[in-house]
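A short write-up of the structure that comes next.
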Amino acid sequence: MTASAPASRNTYRNGPDEFGRFGMFGGRFVAETLMPLILEVEKAYSAAKADPKFAEEMEYYRKHYIGRPSPLYFAPRLTEHFGGAKIYLKRDELNHTGSHKINNCMGQILLAKRMGKKRIIAETGAGQHGVATATACALFNLPCTVYMGETDIARQQPNVFRMKLLGAEVVPVKSGTRTLKDAMNEALRDWVANVESTFYIIGTVAGPHPYPTLVRDFQSIIGEEVRWQMAEAEGRLPDSLVACIGGGSNAMGLFHPFLDDASVQIYGVEAGGDGVETGRHAASLTGGRPGVLHGNRTYLLQNEDGQITDAHSISAGLDYPGIGPEHAWLHDMKRVNYVSATDKEALEAFQLLSKLEGIIPALEPSHALAYVSKIAPKLPKDHLLVMNLCGRGDKDIFAVAEHLGVKL
Amino acid sequence: MTTTRIERRFAALRAANRGGLVTFITAGDPDYALSLDLLRQLPAAGADVIELGMPFTDPMADGPAIQASSLRALRSGMSLRKTLQLVTEFRKDDDNTPIILMGYYNPIYSYGVPAFLKDAKVAGVDGLIVVDLPPEEDEELCIPALKSGLNFIRLATPTTDDKRLPTVLRNTSGFVYYVSIAGITGTRSAASGDVSAAVARLKRHTDLPVAVGFGVKTADQAAAIARVADAAVVGSALVSRIAAHVSEDGSASSKAVEDTLALVRELSAGVRRARQ
Numbered sequence: 001m002t003a004s005a006p007a008s009r010n011t012y013r014n015g016p017d018e019f020g021r022f023g024m025f026g027g028r029f030v031a032e033t034l035m036p037l038i039l040e041v042e043k044a045y046s047a048a049k050a051d052p053k054f055a056e057e058m059e060y061y062r063k064h065y066i067g068r069p070s071p072l073y074f075a076p077r078l079t080e081h082f083g084g085a086k087i088y089l090k091r092d093e094l095n096h097t098g099s100h101k102i103n104n105c106m107g108q109i110l111l112a113k114r115m116g117k118k119r120i121i122a123e124t125g126a127g128q129h130g131v132a133t134a135t136a137c138a139l140f141n142l143p144c145t146v147y148m149g150e151t152d153i154a155r156q157q158p159n160v161f162r163m164k165l166l167g168a169e170v171v172p173v174k175s176g177t178r179t180l181k182d183a184m185n186e187a188l189r190d191w192v193a194n195v196e197s198t199f200y201i202i203g204t205v206a207g208p209h210p211y212p213t214l215v216r217d218f219q220s221i222i223g224e225e226v227r228w229q230m231a232e233a234e235g236r237l238p239d240s241l242v243a244c245i246g247g248g249s250n251a252m253g254l255f256h257p258f259l260d261d262a263s264v265q266i267y268g269v270e271a272g273g274d275g276v277e278t279g280r281h282a283a284s285l286t287g288g289r290p291g292v293l294h295g296n297r298t299y300l301l302q303n304e305d306g307q308i309t310d311a312h313s314i315s316a317g318l319d320y321p322g323i324g325p326e327h328a329w330l331h332d333m334k335r336v337n338y339v340s341a342t343d344k345e346a347l348e349a350f351q352l353l354s355k356l357e358g359i360i361p362a363l364e365p366s367h368a369l370a371y372v373s374k375i376a377p378k379l380p381k382d383h384l385l386v387m388n389l390c391g392r393g394d395k396d397i398f399a400v401a402e403h404l405g406v407k408l
Numbered sequence: 409m410t411t412t413r414i415e416r417r418f419a420a421l422r423a424a425n426r427g428g429l430v431t432f433i434t435a436g437d438p439d440y441a442l443s444l445d446l447l448r449q450l451p452a453a454g455a456d457v458i459e460l461g462m463p464f465t466d467p468m469a470d471g472p473a474i475q476a477s478s479l480r481a482l483r484s485g486m487s488l489r490k491t492l493q494l495v496t497e498f499r500k501d502d503d504n505t506p507i508i509l510m511g512y513y514n515p516i517y518s519y520g521v522p523a524f525l526k527d528a529k530v531a532g533v534d535g536l537i538v539v540d541l542p543p544e545e546d547e548e549l550c551i552p553a554l555k556s557g558l559n560f561i562r563l564a565t566p567t568t569d570d571k572r573l574p575t576v577l578r579n580t581s582g583f584v585y586y587v588s589i590a591g592i593t594g595t596r597s598a599a600s601g602d603v604s605a606a607v608a609r610l611k612r613h614t615d616l617p618v619a620v621g622f623g624v625k626t627a628d629q630a631a632a633i634a635r636v637a638d639a640a641v642v643g644s645a646l647v648s649r650i651a652a653h654v655s656e657d658g659s660a661s662s663k664a665v666e667d668t669l670a671l672v673r674e675l676s677a678g679v680r681r682a683r684q
C-alpha cells in the first residue's frame, strides 16, 4: 500500500483522514490566528451533517431557491455534430445565479448562521462565486465583502455590477497579479483580522481542511442527481464524465459520487491558456508540482525557488495557480485523467455550443466542451458522456467579443 | 543540552534586566548588497535579535509594507538560497547575534526540508518562524528542525485560548512570539493593557521568554512592550523606512541604510529606558 492511499483500499470516497489529508495532499497550513476557527468550522460542520434539520434546510433551498434538480439534457445536435458518443449536459448553468457556485454558498451560509457569524467574506475570480455569495447574503441579510483582483474586475464588469446590486461590497485587490490567488490572499488577511465575527465562504474545493471536504460535499449534489437522472434516461451509469477545473469544485461535485464506479471514465480539463508548452497556462496538474499555498498542499504553478508563478487563462474562473487537494490525490492515484484545453479551443467550443444547442456557456465549461470535442468523435454511439455545464456565458460575452475582434 | 544563540541572548537580557529589541527586515530588500550592508550594522544600532524575512510571493499574514518588501526582494532576484548566503556572510563578522528566518513554508518545502535544515544550520541560522505551519503540521518542519538543533519559534495569538495554548507551546523553543492583535502585520496596534494581560497569561503556561510584535512602530510603543515582555518585535516600520528610499525602478538611495539604522537606534533607546 502506498503512503498516499486512503484508510481503506477499496474506495476513493472516504478521504480525507483526520488531519484533512488526501494522501499527502490537503492539510491545515494556516496562521495560528485562524487555527482555532478552522477547528471550530470542522466541529460545526460535523454537527450539521449529523443534524437532519440541516439536511432539510439544504433540501428546501435547493428546491425552492436554487431550482434543483438541474436538468440532465441530451444534446442532440452536438451529438450529431461530433458523430460519436451520446452527449448529455448537466445543466448547472440553469441554477439561480447562473452557475454551480450557489450549491456551495447555500451550504456554507447555513453553516455560518449555525455558528452565529455576523459577516461573510469571499474571494472571486470570474465573479460567479462572488455573485452566489452576495445572493445568499442578501437572502439571509448578512453583510458581505467580496475580494476580487483588479484584473478580473476589468474583465468581468457585469458580475461586479451584479454583486453591488445584491448589496455586497466589492474590494479591488491590487497585490500580486491581481487575480484569483491574490483575492484569496486578501480574503485570508481580512479573516485573520475579523476572526470572531466573520465566516469565510471559500468558493472552491481548496483551502485548509475542512473546506475542501465541505465544498465537495455541497457540490456533490451535481453527481448524485446525474446518477439517478442517467438511470432514468438510459437505465444505467454514464460511461464518461467531463468537467473543467480551476480549483475544481464543479468537477469534484460531478466526479465524487462516481469515483468508485470503475467503469466510469473521468476527465478533468484544466485551462491550457496559450498552450501548456508555452508556460502561459493555468494547468497546475499538467504543468505544476506539489507545494503549499492557501492552507493546503497541492499541485502548484511555481518556480524552482517555490515562488508562485502567474496562471494564464482567458477564463477568470480557471485563472488560479493551484487545484483542490483531492484532485491532486486523484491525479496521483490515476483515478481521474487530467487534461487541458487552450484559450483558443475554449473560444471555439463557446461558439459551437451557442450555435448548435442555443446555449451560451461560460468560458469555464467551454474548456470541458473543447475536450469533449476531441474525444467524442472517436467514441462509439452507445457511449454515454456527461459534461458538466457549470455556468452560463452571459458574463463572458464582452470578453469573448473582444477576443473575436467584435466591437459591442 | 547546549544552549543556542537565542537562549544565550535572552539570558543576557534577563541578567541585565532589560527588554530586548527584535528587528525584522526582508532578506534582499531592495537588493542583496544593501540588505547585507544593513544586516551587518543592525547589532551595533541596537538590534538584540534579528528576524530575516524569507521573501515569498504570497505572504498571507502580512500587511502591505511587508508584502511590498517581499516583492522588492524577489524582483531583485532574491531566493531562499541567497537568503542563506546572506546569513553566511553576516556570520563572518558576528557570531553572537541570533538570526531567525521568518516566512512561509512553500519555499522551504520546495528547497527540500532536510537540505534546508542542513544548509540553514551551516549558514548560522538559529531559529525559524514559519507562519503557515501551526502545531497541527509539526511533522512537516518543526520536529525535524528541533532535531537538527534549530529553535522553532511559534506564534501565539489573541485567538489562542488557554485550552489551546499548551498545544501551541509544546514544541516551541527559543522564545514565544506573541502576536498582539488578531490581524496582519503593520496595521493596528494593541492596547498596552491587553498586551500586559496576554503576556502574563503566556507566562503562566511557559518559562520561555515572550517577544511581542505586530503593530509596534515607535520607540514609545516598543518601550511599553519592553516593560511587560522580554522583547519587542518591529518589522513593518523598518521595511517602510527602507521603502521610503527606494525609487520606482527598485534602486535605493544611499540614505536607506543610514535612515533605517537611525530608527533602530531610536527603538533600541526606547526598550533600553523602559524599565529604568
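Chain order of the listed sequences is H and A.
Going left to right, the first sequence walks through residues 1 to 408 as this note's numbering numbers them.
Going left to right, the second sequence walks through residues 409 to 684 as this note's numbering numbers them.
Glycine included, C-beta positions come from ideal geometry on N, C-alpha and C.
For this session: Can you tell me which of N185/H, L353/H and P321/H puts its alpha carbon nearest to the alpha carbon of I87/H?
Result: L353/H
Problem set entry | Alpha-carbon spacing of D409/H relative to K90/H, whole angstroms | Missing from the structure shown is residue 409/H; chain H here goes from 1 to 408 and no further.
Problem set entry | Contacts of Y519/A in chain H (Cβ-Cβ under 9 Å) | D305 and G306
Exercise. Mind checking if F583/A is an interface residue toward chain H, Cβ cutoff 8 Å exclusive?
Worked result: no
Exercise. Looking only at DSSP bridge pairs, what is V587/A linked to?
Worked result: G621/A
Exercise. What does DSSP give as the partner residues of E270/H in its beta bridges?
Worked result: I245/H and S340/H
Exercise. Which class does A639/A belong to by DSSP, given the choice of helix, strand or coil?
Worked result: strand
Problem set entry | Three-state secondary structure (DSSP) of V160/H | helix
For this session: From the DSSP output, read off the bridge partner residues of Q302/H.
Result: I308/H
Exercise. Within the chosen definition, does the region 110 to 123 of chain H reach the region 135 to 152 of chain H through at least 3 CB pairs nearer than 8 Å?
Worked result: yes
Exercise. Going along the chain, which residues of the region 21 to 47 of chain H sit with their C-beta nearer than 9 Å to a C-beta in chain A?
Worked result: G27, R28, F29, V30, A31, E32, T33, L34, M35, P36, L37, I38 and L39
Exercise. By the 10 Å Cβ neighbour count, where 16 or more other Cβ atoms means buried, how is F25/H classified, buried or exposed?
Worked result: buried
Exercise. Between L525/A and V603/A, what straight-line distance do the alpha-carbon atoms span, to the nearest angstrom?
Worked result: 33 Å
Problem set entry | Meets three-Cβ-pair contact criterion under 8 Å: the region 557 to 567 of chain A and the region 152 to 162 of chain H | no
Problem set entry | Alpha-carbon spacing of M462/A relative to T491/A, whole angstroms | 7 Å
Problem set entry | Bridge partner(s) assigned by DSSP for M333/H | According to DSSP, M333/H bridges with nothing at all.
For this session: Determine the closest residue to A370/H out of G253/H, K344/H, G322/H and N185/H, with distance taken between C-alpha atoms.
Result: K344/H
For this session: For M468/A, decide whether its Cβ has a neighbour in chain H, counting only Cβ atoms nearer than 8 Å.
Result: yes
Exercise. Does L429/A get closer than 8 Å to chain H when you measure Cβ to Cβ?
Worked result: no
Exercise. Should the region 667 to 683 of chain A be called in touch with the region 626 to 642 of chain A, which here means at least 3 C-beta pairs below 8 Å?
Worked result: yes
Exercise. Ends of the beta strand (DSSP E) at A262/H?
Worked result: Unbroken run through A262/H: none, as it is neither H nor E.
Exercise. Beta carbon of A183/H, beta carbon of E270/H: below 8 Å?
Worked result: no
Exercise. What is the DSSP secondary structure of A601/A, counted as helix, strand or coil?
Worked result: Here residue 601/A turns out to be Gly, not Ala, going by the sequence shown. If DSSP states are grouped into helix, strand and coil, G601/A belongs with the helices.
Problem set entry | Contact belief for L318/H with T309/H at Cβ below 8 Å, rounded distance in angstroms | So it is not a contact: roughly 15 Å between Cβ atoms.
Exercise. Taking all protein chains shown into account, do 16 or more other C-beta atoms lie within 10 angstroms of the C-beta of A742/A, making it buried, or fewer, making it exposed?
Worked result: This structure cannot settle anything about residue 742/A, because the visible part of chain A is limited to 409 through 684.
Exercise. Taking the alpha-carbon positions, what's the G427/H to L573/A distance?
Worked result: Given a span of 1 to 408 for chain H in the structure shown, any question on residue 427/H remains unanswerable.
Exercise. Looking only at DSSP bridge pairs, what is R119/H linked to?
Worked result: T198/H
For this session: Starting from I458/A, follow the beta strand (DSSP E) in both directions and report where the run begins and ends.
Result: V457 to G461
Problem set entry | Beta-carbon contacts of A5/H that lie in its chain and below 8 Å, excluding the five residues immediately before and after | With a pLDDT of 47 at A5/H, under the threshold of 50, the predicted position of this residue should be treated as unreliable, though the coordinate-derived value follows. Closer than 8 Å at the Cβ level, and outside the excluded window around A5/H, lie G23 and M333.
For this session: With DSSP as the reference, label C390/H as helix, strand or coil.
Result: coil
Exercise. Mind checking whether M468/A and D540/A have CB atoms under 8 Å apart?
Worked result: yes
For this session: Please go through the same chain and pick out, in chain order, the residues whose beta-carbon is closer than 6 Å to the beta-carbon of T179/H, but skip the five residues on each side of it.
Result: G149, T151, D152 and D319
Problem set entry | Identified DSSP bridge partners for Y147/H | E123/H and V171/H
Exercise. Using the beta-carbon of each residue, which ones in chain A are nearer than 8 Å to F19/H?
Worked result: E544
Exercise. P515/A versus chain H: which residues are under 8 Å apart at the beta carbon?
Worked result: D305, G306 and Q307
Exercise. Who are the Cβ neighbours of G256/H in its own chain at under 7 Å, not counting the five residues just before and after it?
Worked result: Per the sequence shown, residue 256/H should be read as His rather than Gly. Only R13, R216, S220 and G223 meet the Cβ criterion.
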